[in-house]
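Remarks on the structure that follows.
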Amino acid sequence: MENLDLKALIDAKIPGEETGIEIKTGVCGFCGDACLVDVYMKDGKVIKVEGNKSVKGANGKLCSKGAALKQTLYSPERLLYPMKRVGERGEGKFERITWDEALTTIADKMKETKEKMGAKHTMIYVAHPKWFRPQATELANGYGTPNIGTESSTCAYALMMAFKSSFGADQGMPAPDMKNCKALFIWGVNPMYSKSTTGGAAILKNKERGMKLVVIDPRCTPTTEHADIHLRPFPGTDGALALGFARVLITENLYDKEYVEKYTTGFEEYKNYVMEFTPEKVEAITGVPKEDMIRAARLMGEMKPCPIQMSASPVVHNINGVQNARAVTLLLALTGSFGVKGGACAPGGPGVPLKGKFSPNGKIKRVDAENDLSHNDFPAWAKLSSHEIQVTKIADYLEGKGEYPMETLVAFGMNHHMWPRVDRVEEALKNIGFVANADIYMTESCKYCDIILPVQSSLEREQVAVTGGDTIFYQGHVVEPMGEARTDMDIITGLAEKLGITIGGDEPIYNNEDYLRKMISATGVTLEELKANPLGVKSRNMTTPKTTEDILKVKTPSGKIEFVSSVIGSCDKEGHEGLPVFHDFREKLPMDEFPLILATGSRKPQLFHSRSYRHPWLSNLEKWPLVEIHPEDAEKLGMADGEEVIVETPMGKLDVTVAYTTSNLKGVVNVYHALGDKDINYIMDDTYLDPISGFPGYKSYCCRLLKKEKCHE
Ligand SMILES: Nc1nc2c(c(=O)[nH]1)N[C@H]1C(S)=C(S)[C@@H](COP(=O)(O)OP(=O)(O)OC[C@H]3O[C@@H](n4cnc5c(=O)[nH]c(N)nc54)[C@H](O)[C@@H]3O)O[C@H]1N2
Ligand SMILES: Nc1nc2c(c(=O)[nH]1)N[C@H]1C(S)=C(S)[C@@H](COP(=O)(O)OP(=O)(O)OC[C@H]3O[C@@H](n4cnc5c(=O)[nH]c(N)nc54)[C@H](O)[C@@H]3O)O[C@H]1N2
Ligand code: SF4
Ligand SMILES: [Mo]
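The working numbering puts the first residue of the sequence shown at 1481, with every later residue one more than the last.
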């Protein structure tokens, strides 16, 4: 072969012996969706990534973030070695140390804190990375602190609380039975962006077979484009809309009477309350024309059972979020849609029996939970989400304004910009006794640490994944771990060893490989078999599927689906009504002064929270931060598309660039979060929280826009 031809083959990235290019299959892991990807390697380096199509269940697709994996792997900001701080906190000056010194320093500080003050003065924190959370909880338990908190203090758990309070334990999210439903309601989700490779495709496929689609979203999105009915309520008004639906369903006799009688309690009280939500009142609160609301409610009643797809964030990113989410999910009870085929949480399965794997229902009980930091602030959280603390008040807790002071913080993937009032969290991080963090990158949060630990990203770490419902897939080191990076599991077990404790209970684990072996130990498949079969191995054992009867044995205190929640109603605190009462956030805000509703963080396909903004292939796609605004609102303010202006909230100001979009409702502006020092969370209020869940009102706060010259007046 001529040299020239070989160069052409290499340039075209053709795999083969001649070119030295090989393909290895791995798990993308940039977001939570865990797509399988084909990684093209030459000389030990990634040169290209594609979606995998050959492993059973692989979706064959790749989103913009996955396509940028090469850049994320070799980012100059990768952490390669354990380091200790040599400058001031926040300054970012560090010196390389050994793993032994790093782990010993952290463990010694934890031991000292325990001896001098008690174990509860140490907080363990795990951010969005979720896979090792059960073992992080075991670490906290073995050490003796109940204070383990996670990013789920702003994600998913409020919806799960809402769902659990009415429908009992173990349900997780109201997963729709999309394959079998006649109509799907998508309530505040944009899967075309937030589940880029899978969510949208499933909807389109089911639309083709005749499924009707109703989407409830203030904005126009690629998801709403496919809707038969698109309702556009103001953010934070979902509760009123859902109660309006309920009134139509009840007054027009479109609800499932038999189901309600057999499986629910509290209907009469609920019905009385619901009657207040006349179509006129609902239109006044939500802005949704009453005819449209009635049409959608009738469709729900006529096409029942009818699932409602909800998200971990928008509806519950509101200070009435749990009650609003309860009002929405209770429609599943009213229409007899919970636990049945074609509804939500339909009988399904079986599944692959994995052990020690993360589940949002978190089964591991914490030690000393009744003395944790947040139980007095958020009593319903303590009852409904008892496997971790609610940590949104992190600045207060670290500053010692909680029940008792914190001395030591040991974190994994901490991104302190995800919380409101980033400035307060930064001040608190400066003043606490000791901070350690493990991350893939030298992040802003790492700069506030005494010790930082380098972590392997998904393609670097050995892992197993379930794919296609019944197949187990093993991934080795697709890419050799960078520098001295370790897996989180090896860090947890390493710390446990230094602390003299073991992780894993009856089946202890001492490293990441033990964890993988334990995870598959009930499947009948061995790690060796998996290593020998790159396309995966079908699980030999499966879990027993749940029937409708099993699912409808709900684990609420009454044993029935509760229209009036006994758990929430029994909490003696403001806003904890048993009924899904609607409170309007606008009544709590200075809307006269700050007349625009500020929605933050609606997902963008190329961004995943703080993970993405540091990678130029992703960050160059859009100038930041943008304030997305309806042109009519902007024109009234005399602001041109592309103009640099200031967004001001009651908490402060941020420089932003105007982006005109007719996708927005008039009166509502959107700003993305997680953009380093330009993060909108610097000017979000950390006391503006749902009293039940503690979730911040990220999607429905208030602001005004100022022309640049005006702000110095
Ligand atoms: N590309 C990408 N994908 C992601 C993420 C990411 O950062 N980037 N993050 C992941 C995570 S952690 C999460 S929690 C999910 C979130 O997933 P999604 O919920 O799908 O994400 P959002 O875009 O925040 O919200 C969906 C829609 O809700 C609308 N919305 C805003 N406020 C309200 C409201 O008050 N009521 C109603 N009914 N609708 C409202 C927005 O206009 C938006 O179009 O996405 C996950 N997937
Ligand atoms: N204003 C506003 N704020 C929000 C939201 C909003 O909509 N608006 N959304 C909220 C929601 S729903 C969420 S989920 C949070 C986002 O939650 P965050 O925890 O902030 O999510 P990320 O920024 O994706 O990840 C945090 C860190 O984890 C690191 N990381 C990634 N993988 C691993 C791993 O395997 N191990 C370790 N140790 N580290 C890893 C990343 O490098 C990153 O530095 O933000 C919340 N904050
Ligand atoms: S959706 Fe994109 S970022 Fe997420 S795992 Fe799949 S390819 Fe990776
Ligand atoms: Mo989230």
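Note that beta-carbon positions come from the ideal geometry of N, C-alpha and C, so glycine has one too.
Taking all protein chains shown into account, decide if residue i is buried (16 or more other Cβ within 10 angstroms of its Cβ) or exposed.
i	result
E2193	Reliability fails at E2193, whose pLDDT of 48 lies under 50, so the model's placement of it is uncertain and the value that follows must be treated cautiously. Flag for E2193 reads exposed.
D2159	buried
T1634	buried
T2078	Here the sequence assigns Leu to residue 2078, which means Thr is not the residue at that position. L2078 comes out buried.
K2116	exposed
E1760	exposed
V1566	exposed
P1713	buried
L2010	buried
N1856	exposed
N1804	buried
L2145	buried
R2020	exposed
A1534	Here the sequence assigns Ser to residue 1534, which means Ala is not the residue at that position. It is exposed - the Cβ of S1534 has fewer than 16 other Cβ atoms within 10 Å.
P1614	buried
L1979	buried
L1684	exposed
G1648	buried
T2200	No statement about residue 2200 is possible, as the shown extent of the chain runs from 1481 to 2193 and does not include it.
A1599	buried
Note the first and the last residue of the continuous beta strand (DSSP E) segment covering residue i.
i	result
L1711	1709–1711
K1692	1692–1696
M1521	1516–1522
M1590	Looking at the DSSP string, M1590 is not in any beta strand (DSSP E); the run it does join, the alpha helix (DSSP H), is 1579–1596.
E1530	1525–1531
M1922	Looking at the DSSP string, M1922 is not in any beta strand (DSSP E), and its letter there is neither H nor E.
Y2220	The structure shown does not extend to residue 2220, since the chain spans only 1481 to 2193, so no value can be given for it.
K1504	1501–1507
T1888	1888–1892
So, residue i versus residue j, is the Cβ gap smaller than 8 Å?
i	j	result
N1539	T1677	yes
G2118	K2188	no
M2022	P1785	no
K1493	K1536	no
Q1936	K1545	no
N1798	F2062	no
E1887	M1597	yes
V1944	I1952	yes
E1883	L1864	no
M2183	M2071	The amino acid occupying residue 2183 in the given sequence is Cys; Met does not appear at that position. For C2183 and M2071, no; Cβs fall outside 8 Å.
R1806	T1758	no
N1992	M1962	no
L1779	V1695	no
E1879	A1916	no
A2197	L1711	No answer is possible for residue 2197: the residues shown for the chain start at 1481 and end at 2193.
R1576	Y1921	no
A1860	C1661	no
P2014	A1965	no
With respect to the alpha helix (DSSP H) encompassing residue i, which residues constitute its N-terminal and C-terminal limits?
i	result
V1935	Per DSSP, V1935 belongs to no alpha helix (DSSP H) and is neither H nor E.
G2112	According to the sequence as given, residue 2112 is Glu; it is not Gly. Taken as a continuous stretch (DSSP letters only), the alpha helix (DSSP H) holding E2112 covers 2111–2116.
N1992	1992–1999
E1906	1902–1911
D2157	First-last for D2157: undefined, no H or E at that position.
F1725	1718–1731
E1748	1747–1754
N1804	1801–1814
I1441	Absent from the structure is residue 1441, since the part of the chain shown begins at 1481 and ends at 2193.
Y2181	Unbroken run through Y2181 is the beta strand (DSSP E), 2181–2187; no alpha helix (DSSP H).
Compute every distance between the C-beta of residue i and the non-hydrogen atoms of ligand 5, then say whether any falls below 7 Å.
i	result
V2149	With respect to ligand 5, the structure offers nothing, as its ligand set consists of ligand 1, ligand 2, ligand 3 and ligand 4.
Minimum length 3: unbroken beta strand (DSSP E) runs contained in the region 1646–1702
Within the region 1646–1702, the beta strand (DSSP E) runs of at least 3 residues that lie entirely inside it are, in chain order, 1663–1667, 1692–1696.
Shell residues, 6 Å Cβ cut-off relative to heavy atoms of ligand 4:
Answer in sequence order: C1635, A1792, S1793.
Report the residue ranges of all beta strand (DSSP E) runs contained in full by the region 1539–1565; include only those spanning at least 3 residues, in chain order.
Look at the region 1539–1565 and you find these whole runs of beta strand (DSSP E), each 3 residues long or longer: 1563–1565.
My parser needs the alpha helix (DSSP H) runs of 4 or more residues fully inside the region 2055–2127; what are they?
Within the region 2055–2127, the complete alpha helix (DSSP H) runs of at least 4 residues are 2096–2099, 2111–2116.
Which complete alpha helix (DSSP H) runs does the region 1957–2040 hold, if anything under 4 residues is left out?
Counting only runs of 4 or more, we get 1968–1979, 1992–1999, 2007–2012, 2028–2031.
Scan the region 1828–1869 and note each continuous alpha helix (DSSP H) run of 4 residues or more that stays entirely inside, going in chain order.
Complete alpha helix (DSSP H) runs here, min 4: 1859–1864.
In the region 1592–1636, which residue ranges form an unbroken beta strand (DSSP E) of at least 3 residues, counting only runs that do not cross its ends?
As far as the region 1592–1636 is concerned, its whole beta strand (DSSP E) runs of at least 3 residues are 1602–1606, 1628–1630.
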